[in-house]
Amino acid sequence: MPSTRPTKKAAAKAAVKAAPAKTSAPAPKSKKRTVAQAQQDQDSDDEFGDVAIDMASDDDDEMDNEAEEGDSDDDEEADEFPEDDAQDMSAADIEEDEDEDDSEGSYMDGDSLVDSQEENDDLEEDEDEEGSDFDDLINNEDDIDPNFGHNLDEPMPVESDYNPIKREYPEIDAEYDSDSSTEENENTVGNIPMEWYDDYPHIGYDVDGKKIMRPATGDELDKFLSTMDDPDSWLSAHNYKQGQDVKLSAEELEIIRRLEGNRIPDADYNPYEDQVEFFSSHTEIMPLSAAPEPKRRFIPSKHEAKRIMKIVRAIREGRIVPRKSGYVPPKPKYYNLWNDSEDKPREEHVMHITAPKMKLPTHDESYNPPAEYLPTEEEIKEWNEMDKEDRPKNYLPQKYNALRNVPGYGQFIQERFERCLDLYLAPRVRKNRLNIDPESLIPKLPSPRDLQPFPTRLAIEYLGHTGRVRSISVDPSGLWLASGSDDKTVRVWEIATGRCMTTYHLDELVTSVVWGPNKEVAVLAVTCGYKVGLILPEKIFSPELTLHSEEYLRAGFANAATAEPNPKASWKQPTPAEFEQGIRVWVHLQKAVKQVTWHRKGDYFSTVAPDANNSAVLIHQLTKHQTQQPFKKTKGAVQRVMFHPTKPMFFVATQRYVRQYNLQRQELIKTMMTGVKWISSLDVHPAGDNLIIGSYDKRLCWFDLDLSSKPYKTLRYHQQAIRSVAYHKRYPLFASCADDGNVQIFHGMVYNDLLQNPLIVPVKILKNAHERIDALGALCVEWHPTQPWLLSSGADHTIKLFS
């Protein structure tokens, strides 16, 4: 029976004729083009204009190049109109082309001339049936596959090729087994980690650098429906790089099954092959390897030479001693197992630490303890209510009449178990106790007897106030003492005798009184409520000093009449009644004034009003009756202010910090980190390099301005809040008072040598200097300007002088 397989060229033409139109890529170019198609292309070019879009694949370009070259030896390309070409082409041309192709193919396969002749005979027989087979292909063009050229309903068995050797080829699956290297992939992001784009709406970039947007994915319901509709869904796996589901082949499924069964994925691999004895007891005639010996086999090794020279040097230096000629190795020692002599105890290791012994039982663990060890009912109830971790003992003492009545101890096993845990788990550390003399740890301070003079006893007590005496001040001459009290009075005392010279009655509680530092002007600054009053005590000073002070205080009103009014503060004259008392000037502020302090020259004074926010600190000039606000904005609530005794510096103490400002350059110099919660008082050393602060949390901090911004010393000797601290202007002394009623005196020596730190020594504690009334004790301390005398005031309405 003649062969029904069509020839190669005829099958190719029939396949091209029956090929359906593809939308994914344009059809390859053809040499023959009709007028209608040319007109259609011209219309398409007119519609898109100059836009050039290259939609051809690499396969199309290769086909175009082959068509332009016009190689006659290769197969002709499929035309766009295979019906017309089939009619025009003669049978002789087809036969000639087939003969040339077949002959060339046979020689390309490497067959002999005899095989080629036999194959040509077979081809002559096939030519007779060519016409009928070709017609059948034309008639059944709907069932022709464009790739294979046979009926899709019937599988095409390929028994052999043109080579006479019979070969069986597996059936090719057009969907999975065909080459897909030329197919276009929708996802062309490349081989990159997909987690790079988890936070972006796109999944990568294509070959043109454009973003590839993330494909739409269904929810769990869509996945469930697709699984129910597709019975083969379990055969597919999702490819994240391509963004689609890929069907697994039978080989891949077999690999998965073998992996699930803990077997080798490759079924053809035999892990237990027969052993090939390359090296055995049988003597071989020929060597297994006839390779020439490498050069390194017969050249001395450099590394061995280095090692030998290292050993030689060690022998020369004496680090390696060679054995002598008569060396005899020691013989092993044998012991008599039946010897009656006792073995010597093994010495303990150097780092061995014996386990601590258990505590010996006490009287309360006895079965018949004394009566005083037996707990009462209240103690038993309290012991039962306590947690097990908080109980001092794990048992309660009990009394039994006889030892045979004692029951078993319930915690015995637990205690032995914990003991075993301590023995082999708890690390043992040998603590070396340092034999240090405690006296050597205490700093060597001079004896207080060598630091005299300082106040030690009560000398004078000033009585007369009916309220708490919150502030006291001593004039520069050291003769007069001014005090302000909650009874709305200001009193002037003679220090030496304790006599009250004059009393000034005011409208509000007096919070602060300070004498002016200028000895040529007798003026007393008083704060009460929203006002600051300047008082001239006429009764205690000479007429010449009084007249000069009067002119000094009244001269500012002439300048104030021409100046612009200041909303922060207003300078006003007193009423006739107030003028008769001695009040010469009133300065009205917006908020209640807490403190007033003088500049060293006596022309400026500063006030503190904590509730005034940005205008809490104001500086006033006495001769011009002017007020200025140094800070546009204050950081924190201001508690105290102080002028530097020698330099144009200004200290501002808030609740937790002390800031130092330069008044000339108007800038911040330093910020002291106090470490306290609330500052109550502040004072600057007469030399200007040190300052002390007191706080409501019972701390006194000494700052060395040249050393650090943190406290040099922090003293915690008071039991209650510290109310006031003060330096002596001549002696190396400073003092503090607190609500516990005590006044503490310290020796504070500041040396001129900057390399030597200040010496601070507590020298005296004046206990119960003032009685505590309503949780308030000593409220203010002040030193005499020339003598080592200390004055203090308290909540018990008294003022006391200690000398």
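What the sequence shown shows, in UniProt numbering, is residues 1 to 803, in sequence order.
All C-beta atoms, glycine included, are put in the ideal place defined by N, C-alpha and C.
Note that the structure is predicted; figures quoted are calculated from it, not measured.
- Message: I need the straight-line Cα distance from Arg584 to Val510, nearest angstrom please.
- Response: As a first step, residue 584 must be located in the sequence shown, where it is residue number 584. As a first step, residue 510 must be located in the sequence shown, where it is residue number 510. Distance from the CA of Arg584 to the CA of Val510, rounded to the nearest whole angstrom, comes to 17 angstroms.
- Query: Looking only at DSSP bridge pairs, what is Glu304 linked to?
  - Reply: Here residue 304 refers to the residue found at position 304 of the sequence shown. Answer is none; Glu304 lacks a bridge partner.
- Message: Short of 6 angstroms in beta carbon distance, which residues of its chain neighbour Ser681, apart from the five on each side in sequence? Order them along the chain.
- Response: Position 681 of the sequence shown holds residue 681. In its chain, beyond the 5 residues on either side, Gly694, Ser724 and Val725 have a beta carbon closer than 6 angstroms to the beta carbon of Ser681.
- Query: Pick from Ser542, Gly529 and Val781: whose alpha carbon is nearest that of Leu589?
  - Reply: In the sequence shown, residue 589 corresponds to position 589, counting from 1. Leu589 has its Cα closest to that of Gly529, out of Ser542, Gly529 and Val781.
- Query: Closest by CA to Leu423, which one among Asn384, Pro356, Pro785 and Leu479?
  - Reply: The residue labelled residue 423 in the question sits at position 423 within the sequence shown. Nearest option by C-alpha distance: Pro356.
- Task: Consult DSSP for Ser615 and reduce its assignment to one of helix, strand or coil.
- Result: Within the sequence shown, the letter at position 615 stands for residue 615. Helix at Ser615.
- Task: With distances taken Cα to Cα, identify the nearest neighbour of Pro476 among Arg433, Arg499 and Leu524.
- Result: For the purposes of this step, residue 476 is taken as the residue at position 476 of the sequence shown. For the options Arg433, Arg499 and Leu524, the alpha carbon positioned closest to that of Pro476 is the one of Leu524.
- Task: Would you mind reading off the limits of the alpha helix (DSSP H) that contains Asn384?
- Result: Taking the sequence shown and counting its residues from 1, the one referred to as residue 384 is at position 384. Residues Glu377 to Glu385.
- Status (buried if at least 16 other CB within 10 Å, exposed otherwise) for Ser549: The count along the sequence shown starts at 1 and reaches residue 549 at position 549. Of the residues assessed, Ser549 falls on the buried side of the cut-off, its CB having 16 or more other CB atoms within 10 angstroms.
- Alpha carbon to alpha carbon, how far is Glu461 from Gly794? Give it in angstroms, no decimals. The count along the sequence shown starts at 1 and reaches residue 794 at position 794. The count along the sequence shown starts at 1 and reaches residue 461 at position 461. Using only the alpha carbons, I get a separation of about 12 angstroms.
- Message: Please report the straight-line C-alpha distance between Ala555 and Ala738, rounded to a whole angstrom.
- Response: Stepping through the sequence shown from its first residue, residue 555 is reached at position 555. Stepping through the sequence shown from its first residue, residue 738 is reached at position 738. Ala555 and Ala738 have their C-alpha atoms roughly 41 angstroms apart.
- Would you call the CB atoms of Ile540 and Val492 closer than 8 angstroms? Indexing the sequence shown from 1 puts residue 540 at position 540. Indexing the sequence shown from 1 puts residue 492 at position 492. Their beta carbons are under 8 angstroms apart, which means Ile540 touches Val492 by this criterion.
- State the DSSP-derived secondary structure class of Phe224, mapped to helix, strand or coil. Your numbering for residue 224 matches position 224 in the sequence shown. Residue state, collapsed to three classes: helix.
- Which word fits Phe279, buried or exposed, when buried means at least 16 other C-beta atoms lie within 10 angstroms of its C-beta? Position 279 of the sequence shown, counted from the first residue, corresponds to residue 279. Within a 10 Å sphere around the beta-carbon of Phe279 sit fewer than 16 other beta-carbons, which makes this residue exposed.
- Give the DSSP bridge partners of Met642, in chain order. The sequence position of residue 642 within the sequence shown is 642, counting from 1. BP columns for Met642 point to Phe651.
- Message: Taking the alpha helix (DSSP H) that Gln581 belongs to, which residues open and close that run?
- Response: Locating residue 581 in the sequence shown gives position 581, where the first residue counts as 1. Run containing Gln581: Pro576 to Gln581, per the alpha helix (DSSP H) assignment.
- Where DSSP assigns a beta bridge to Phe734, which residues make up the other side? As a position in the sequence shown, residue 734 is number 734, starting the count at 1. In DSSP, Phe734 forms a bridge with Tyr727 and Phe746.
- Message: Going by C-alpha to C-alpha distance, which of Tyr395, Gln626, Ile442 and Lys710 sits closest to Ala558?
- Response: The sequence position of residue 558 within the sequence shown is 558, counting from 1. When only C-alpha atoms are compared, the closest one is Gln626.
- Query: Span of the alpha helix (DSSP H) holding Glu494?
  - Reply: Your numbering for residue 494 matches position 494 in the sequence shown. Run containing Glu494: none in the alpha helix (DSSP H); it sits in the beta strand (DSSP E), Thr489 to Glu494.
- Inter-residue spacing [alpha-carbon to alpha-carbon] between Val768 and His784: Locating residue 768 in the sequence shown gives position 768, counting from the first residue. Locating residue 784 in the sequence shown gives position 784, counting from the first residue. The question names Val, but residue 768 in the sequence shown is Asn. Taking the straight line from one Cα to the other gives about 21 angstroms.
- Under 8 angstroms between the Cβ atoms of Ile212 and Val246? On the sequence shown, position 212 is the one that residue 212 refers to. On the sequence shown, position 246 is the one that residue 246 refers to. With a cutoff of 8 angstroms on beta-carbon distance, Ile212 and Val246 are scored as not near each other.
- Task: Would you mind sorting Asn405 into buried or exposed? The rule is 16 or more other CB atoms within 10 Å of its CB.
- Result: Against the sequence shown, residue 405 aligns to sequence position 405. Counting other Cβ atoms within 10 Å of its Cβ, Asn405 stays below 16 and is therefore classed as exposed.
- Message: Just to confirm, is the Cβ distance from Leu663 to Pro648 under 8 angstroms?
- Response: Taking the sequence shown and counting its residues from 1, one reaches residue 663 at position 663. Taking the sequence shown and counting its residues from 1, one reaches residue 648 at position 648. Result yes, Cβ atoms of Leu663 and Pro648 sit closer than 8 angstroms.
- Quick one: residues in its chain with C-beta nearer than 6 angstroms to the C-beta of Ser803, no 5 flanking neighbours on either side, listed in chain order? In the sequence shown, the residue the question calls residue 803 occupies position 803. Excluding positions up to five away in sequence, the list reads Pro455, Ala459 and Trp789.
- Message: Give me, in chain order, the residues of the same chain whose beta-carbon lies closer than 8 angstroms to that of Glu385; leave out the 5 immediate sequence neighbours on both sides.
- Response: The count along the sequence shown starts at 1 and reaches residue 385 at position 385. Excluding positions up to five away in sequence, the list is empty.
- Task: Name, in chain order, the residues that DSSP records as bridge partners for Tyr205.
- Result: The sequence position of residue 205 within the sequence shown is 205, counting from 1. Tyr205 has Lys211 as its beta-bridge partners, per DSSP.
- In the DSSP assignment, find the beta strand (DSSP E) that holds Tyr657 and state where it starts and stops. Start at 1 with the first residue of the sequence shown, and residue 657 comes out as number 657. For Tyr657, the uninterrupted beta strand (DSSP E) run begins and ends at Tyr657 to Asn662, by DSSP.
- In the DSSP assignment, what residue or residues form a beta bridge with Ser236? Position 236 of the sequence shown, counted from the start, is the residue given in the question as residue 236. According to DSSP, Ser236 bridges with Lys247.
- Message: Please return the same chain residues whose Cβ sits closer than 7 angstroms to the Cβ of Glu538, not counting the five positions on each side in sequence.
- Response: Sequence index remark: in the sequence shown, residue 538 carries index 538 (1-based). Closer than 7 angstroms at the Cβ level, and outside the excluded window around Glu538, lie Thr546 and Gly582.
- the stretch 487-502 / the stretch 737-753 touching (three or more Cβ pairs under 8 angstroms): They do not touch, by the three-pair rule.
- For the beta strand (DSSP E) containing Gln628, list its first residue and its last residue. Taking the first residue of the sequence shown as position 1, residue 628 is located at position 628. Where Gln628 is concerned, the enclosing beta strand (DSSP E) starts and stops at Gln626 to Gln628.
- Item | Start-to-end residues for the beta strand (DSSP E) that takes in Phe412 | Within the sequence shown, numbered from 1, the residue matching residue 412 stands at position 412. Not the beta strand (DSSP E): Phe412 falls in the alpha helix (DSSP H), residues Phe412 to Tyr424.
- Message: Only counting the same chain, and skipping five residues up and downstream in sequence, which positions put a Cβ closer than 7 angstroms to that of Val514?
- Response: Here residue 514 is taken as the residue at index 514 of the sequence shown, counted from 1. If you ignore the 5 residues before and after Val514, its C-beta comes within less than 7 angstroms of the C-beta of Ser473, Ala525, Val596, Thr597 and Trp598, all in its own chain and listed in chain order.
- Message: So, with DSSP's three-state summary, where would you put Ala482?
- Response: The residue labelled residue 482 in the question sits at position 482 within the sequence shown. Under the three-state reduction of DSSP, Ala482 is assigned to strand.
- Query: Just to confirm, are Leu374 and Pro397 a CB contact at a threshold of 8 angstroms?
  - Reply: The residue given as residue 374 occupies position 374 in the sequence shown. The residue given as residue 397 occupies position 397 in the sequence shown. In this structure, Leu374 lies near Pro397, with their beta-carbon atoms less than 8 angstroms apart.
- Message: Less than 7 angstroms separating the Cβ of Val521 from some heavy atom of the ligand COA?
- Response: This structure lacks the ligand COA; in fact it carries no ligand of any kind.
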